[in-house]
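Below is one structure, written out as structure tokens; comments come after it.
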Amino acid sequence: MADKIIELKNVTYTYPLASRPALKDISLSLEEGKLYGIIGGNGSGKTTLCITICGFATKFEKGSLDGSVLIKGKDVEDYEEGEVSRMMGYVLQNPFSQISGVRETVLEEIAYGLENLGVAPEKMEERVINIAKKTDIEELLLKNPYELSGGQQQRVALASVLVLEPEILIIDEPTSQLDPEGTESIFKIIRTLKEEGKTVLLVEHKIDLLAEYADEIIVLENGCHIKSGPTHEVLIQRELEEHGIQLPQISVIFDELKKRGKDYGAIPVTCEEALKLLKNA
Amino acid sequence: MYREQLMKKKKNKIAGLYPMCKLKMLGMYVILIILANIVQIKELPLLLIPLSLCIPLIFVLSGQPKDYLSFIKMVSYFVCFVFIVQALLIKGNDPVLIWQWKFLHIYRGGLDKGLTLAFNILNFAGIFYWLFKTSGYQEISAAMEQSGLNHKAAYIFLSTFKMIDVMRMNVYTIMDAQRARGVETEGNVFVRAKAFIPIMIPLVVNAMLEVGERALTLESKAFSVKCEKTIMIPATHNGYEKIALTISALIVLCAIGGYVLWLTR
Ligand SMILES: Nc1ncnc2c1ncn2[C@@H]1O[C@H](COP(=O)(O)OP(=O)(O)OP(=O)(O)O)[C@@H](O)[C@H]1O
Ligand SMILES: [Mg+2]
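Each protein sequence line maps, in turn, to chains Z and C. The first sequence begins at 1 in this note's numbering and counts up by one. The second sequence begins at 282 in this note's numbering and counts up by one.
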């Protein structure tokens, strides 16, 4: 069995001044090298789960946390200052907030994390350009980060974290402002991250893409962890629709067909799988 | 290649000086301002007036005369206002009338206060404006960090100045939003004053929320990792620093010499 890289044990988290917890008794254990998709309606606690795993929920938001969050077997709170951010990259939901506010060009903005890690200045440029090519923002490098469109800022935000090459990536809705083409390209980047052996936690609403790319799905509702498991098993459960979760169209169609007596032996979650099933039938 | 482009030095030899060198020159200029305040001609700090004319000269020598014009545009109203109010309202202990027209009187005490305030503002603000216009916040903060300023302090210095720029941009966004809700932002002074609160509150609240999220941002950019920090685009010397400092020091020495002569006259 693969190593448990992140473990949550009975985590309940309440924001300061809030009357009820934003996360309720969540236990999860995440394996190294997998891509986890986190889904749930607005306000279900996805962002809160992300910042809790990073240790920001107690460090910056100063809420109260019960239970424990273990990163590589060690409690996040026991790590020394800065150690966690070396291991984990966090892309914020609002890309505007990800701008450091102290650099005048996108180039330097992306390099800012490298400066903080003490990378030699001569080596920075190459790393930044590589990431910029990957995220398709090369022509923006000399622009002011504040003068970008929402989608461009979103790519810059992702690039500025990817350039640090963290082992674990926590990415909160990286494609909310991107066009379909841009979204697809971000998912391709995320796939290469997985191929490099990184662990990725991805909050995303675009269920068809998650069906294609994610290894496992974690479903949240009202701060509770209501379901999780391999993508194939989770995204065919019709009862999730009652919790406001949209399932991939294709799995809904095959499920309806099955109910009407046309069983293809399995319920697919992506078009490709569906095509295969149809061919074999 | 981008880095080379961004590190390219300014053509003008004064504008391209190392920021710390400019900071030292600024310090010497402050000595001149202090001297001009002490030396009184006809019991007035008249030397402040020719000194304030050195500011445009410095801007021209730095090859950025346009920036001086924008500076004057910014401060002239304020400076005139301060001067007129002080000159007309203050009498001083033993009033010596200098000028009179109908009910307007100017006494020496008032003229003294008015001149002192107005021209000190022009001189001090002018020289600082010159520093920030020829070097830019980021270059100055890089130079300070290179001279051993703590990384966090450099961030605070820089983000404070940058925040002003960002807030200025936000004002326009908020103004648009509030206009759409029916808040009048154009018109006479009173209409504008009434729009002040619906613009300031979201501005300040936004800024405060942003400070909160900024902590997460910095953490995600490895800000608190304990190691030797580097700077991608460091501040650089252009080789004329020694000459510039020598010339500035000579000017200050001459001024001090002149002051001593004036004392012993
Ligand atoms: N700073 C805060 N203080 C108090 N309560 C908060 C705070 N941030 C979020 N909450 C509450 O916690 C709950 C979970 O919020 P969270 O931001 O984690 O939701 P989310 O799943 O990320 O939603 P979205 O899809 O809109 O991003 C919500 O009920 C929200 O009102
Ligand atoms: Mg969220």
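Don't be surprised by glycine CBs; every beta carbon is placed ideally from N, CA and C.
Not a single CB atom of chain Z sits nearer than 7 Å to the CB of C:M306. Residues of chain Z with a Cβ closer than 7 Å to the Cβ of C:M513 are, in chain order, E108, A111, E115, P121, M124.
Here the region 401 to 413 of chain C makes no contact with the region 92 to 102 of chain Z; the two share fewer than three CB pairs at distances below 8 Å. Residue burial is scored here from C-beta neighbours: C:T441 has fewer than 16 other C-beta atoms within 10 angstroms and is therefore classed as exposed.
With a cutoff of 7 Å on beta-carbon distance, Z:L220 and Z:G45 are scored as near each other.
Inclusion of Z:Y13 and Z:L65 in the CB contact set at 7 Å is warranted, their separation being smaller than that value.
Cβ atoms of C:S422 and C:F400 stay farther apart than 8 Å, at about 30 Å.
Z:A211 sits buried, since 16 or more C-beta atoms from the chains shown fall within 10 Å of its C-beta. Three or more pairs of CB atoms, one per stretch, sit closer than 8 Å, so the region 514 to 531 of chain C contacts the region 296 to 309 of chain C. Taking Z:C271 as the centre and dropping the five residues before and after it, the same chain places the C-beta of I250 closer than 7 Å to its C-beta, in chain order.
Taking a cut-off of 8 Å on C-beta distances, the region 8 to 23 of chain Z does not touch the region 169 to 187 of chain Z, as fewer than three cross pairs fall below it. Here C:M481 is exposed: its Cβ has fewer than 16 other Cβ atoms, across all protein chains shown, within 10 Å.
Residues of chain Z with a Cβ closer than 8 Å to the Cβ of C:M450 are, in chain order, Y146. Every residue whose Cβ sits closer than 5 Å to any heavy atom of ligand 1 is listed here in chain order: Z:Y15, Z:A18, Z:A22, Z:N42, Z:G43, Z:S44, Z:G45, Z:K46, Z:T47, Z:T48.
Its chain contains P337, F340 as the residues whose beta carbon lies nearer than 6 Å to that of C:Y349, once the 5 sequence neighbours on both sides are disregarded; these appear in chain order.
Between ligand 2 and Z:Q177, a heavy atom-to-CB distance of less than 6 Å is absent.
Ligand 2 has a heavy atom closer than 6 Å to the beta-carbon of Z:Q93. The three-state secondary structure of C:Q345, taken from DSSP, is coil. Runs of the alpha helix (DSSP H) lying entirely within the region 416 to 455 of chain C and spanning at least 4 residues, in chain order: 418 to 427. The closest CA to that of C:A296, considering only C:I379, C:T415, C:L332, is found on C:T415. Within the region 79 to 90 of chain Z, E81, G82, S85, R86, G89, Y90 place their CB atoms closer than 7 Å to a CB of chain C, listed in sequence order.
Residue state for Z:T14 is assigned as strand, using DSSP reduced to three classes. DSSP places C:Y283 within a helical segment (H, G or I) once states are collapsed to three. Ranked by how close their Cα comes to the Cα of C:M448, the residues C:P300, C:V464, C:R284, C:V486 have C:V486 in first place.
By the Cβ test, the region 70 to 79 of chain Z is not in contact with the region 103 to 114 of chain Z, since fewer than three Cβ pairs between them sit closer than 8 Å.
Within the DSSP secondary-structure output, Z:Y90 pairs in a beta bridge with Z:I170. Closer than 8 Å at the C-beta level to chain Z, one finds these residues of the region 481 to 515 of chain C: E491, G493, E494, R495, A496, L497, T498, L499, E500, S501, K502, A503, F504, S505, V506, K507, C508, E509, K510, T511, I512, M513, I514, P515. Taking a Cβ-Cβ cut-off of 8 Å, the neighbours of Z:V102 in chain C comprise Q419, S422, Y436, L439, S440, K443, given in sequence order.
C:I322 and C:L328 have their alpha carbons spaced roughly 8 Å apart. Using a CB distance cut-off of 7 Å, C:R284 counts as an interface residue toward chain Z. Runs of beta strand (DSSP E) with 3 or more residues, each lying fully within the region 193 to 250 of chain Z, are found at 199 to 203, 216 to 221, 224 to 230, listed in chain order.
Within the DSSP bridge table, the entry for Z:S64 names Z:T14 as partners. Note that the C-beta distance between Z:T135 and Z:A159 is below 7 Å. Between Z:L235 and Z:V200, the gap from beta carbon to beta carbon reaches 7 Å or more. Beta-bridge partners of C:Q381 (DSSP): C:H386.
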